[in-house]
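*Asks:* Mind looking over this structure? Questions follow.
Residue numbers (the working numbering): 50 to 146.
The structure is reproduced here in structure tokens:
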């Protein structure tokens, strides 16, 4: 994925969807992981870029949070192609030891 998947991408997510910094960081990380996997490009035939992510997140219902929008998109990809559940954002209640 383009190098813009970093701080610039996080700022773009903030401008488009709001949410807290931690959520934006997690969504950006999941987007990088998805891009690095090559799965999206193989399945969809389109390179995963920041504009592609934003475009797809805009399709999600307006009342969803950023993380929910991401998960909504991953759910759609899961239904269409399979193998996208691993890119969902999940809350981990564990702590450090």
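C-beta atoms are modelled at their ideal positions from N, C-alpha and C, and glycine is treated no differently. Since we're looking at a predicted model, the values are computed, not measured.
Taking residue 80 as the reference, which of 121, 102, 69, 111 has the closest Cα?
*Replies:* Residue 80 has its Cα closest to that of 102, out of 121, 102, 69, 111.
*Asks:* For the alpha helix (DSSP H) containing residue 76, name the first residue and the last one.
*Replies:* Looking at the DSSP string, the run of the alpha helix (DSSP H) that includes residue 76 is 70–86.
*Asks:* Hey, out of 55, 109, 117, 123, whose CA is closest to residue 77's CA?
*Replies:* Measuring from the Cα of residue 77, the nearest candidate turns out to be 55.
*Asks:* Going by beta-carbon coordinates alone, are residue 109 and residue 61 separated by less than 9 Å?
*Replies:* No, the Cβ-Cβ distance between residue 109 and residue 61 is not below 9 Å.
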